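Report on one structure; see the data block that follows.
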Ligand code: HEM
C-alpha cells in the first residue's frame with residue numbers, strides 16, 4: 018500500500034467527542050489528582066508553619082504576635098485547610114501503600130476503599146476544625 022493510501026485510511030471519519038460536559042472522571046481518578054494537590058499543599062505549608070513556630074519560640078513578644086495572628090478567622094480557616102490537606106494526604110497515602118501491598122486492586126474494592134477514605138477524611142477534617150476553632 019502506498020503512503021498516500023495509508024494517509025487516506027488514517028484520515029477516515031472517526032468518533033470525536035469534544036463535548037466536555039459528557040466526559041466524567043471516575044472517583045478514583047479524582048482521588049488520585051487530589052492526592053497530588055494535597056501533597057503540594059502540605060509541602061508549601063511546611064514553610065508557613067515553620068515560620069509561625071519560629072516566631073512563637075523567638076521571644077514572649079513573638080509568642081503573643083503568633084497567637085494574635087492565629088486568632089483571626091481567615092488564618093484559622095487556612096490552618097484548617099492545611100490540616101485537611103495533610104489528613105487527606107495521609108489517609109489516601111496509607112490507601113496507596115496498602116494498594117502497593119496488593120490490597121484494593123480490583124475495580125470494586127478500589128472504588129469502595131476510595132469512598133471509605135473520603136468518609137474518614139471528612140470525619141477527621143471536622144475534628145481538626147474543632148481543634149482549630
Ligand atoms: C511533609 C509531609 C508530606 C509531603 C510534603 C508530601 C508530599 C508528597 C508529594 C508532593 C507527592 C507526589 C504526588 C504525586 O506525584 O502524585 C507525594 C506522594 C506520596 N505520598 Fe506524600 N507527602 C507527605 C507525607 C506523606 C505521608 C505521611 C504519607 C503516608 C501515608 C505519604 C504518602 C505518599 C504516597 C504513598 C505517595 C505516592 C503517591 C503516588 O505514587 O501516586 N506522604 N507526597
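Residue numbers (this note's numbering): 18 to 150. Where is the CB? At the ideal position from N, CA and C, for every residue including glycine. Computed from a predicted model, the values in this text were never measured in an experiment.
How about residue i and residue j: do their beta carbons lie closer than 8 Å?
i           : j           : result
residue 114 : residue 121 : no
residue 145 : residue 97  : yes
residue 92  : residue 86  : yes
residue 89  : residue 80  : no
residue 51  : residue 128 : no
Let me confirm a value: residue i is counted as buried when at least 16 other C-beta atoms fall within 10 Å, else exposed. Which label applies?
i           : result
residue 131 : buried
residue 100 : buried
residue 139 : exposed
residue 76  : exposed
Which residues in the same chain as residue i place their Cβ atom closer than 6 Å to its Cβ, once the five residues preceding and following it in sequence are excluded?
i           : result
residue 137 : 108
residue 55  : 102, 105 and 106
residue 134 : 108, 109 and 112
residue 149 : 93, 96 and 97
residue 126 : none
Candidates the options: which alpha carbon is nearest residue i's?
i           : options             : result
residue 111 : 143, 49, 73 and 147 : 49
Suppose the cutoff is 8 Å on Cβ atoms and the five residues either side in sequence are ignored; what does the same chain contact list for residue i look like?
i          : result
residue 59 : 99, 102, 103 and 106
Apart from the five residues just before and just after residue i, which ones in its own chain have a Cβ nearer than 7 Å to its Cβ?
i          : result
residue 71 : none
residue 28 : none
Whole alpha helix (DSSP H) elements within the stretch 34–95, 4-residue minimum
44–75 and 77–86
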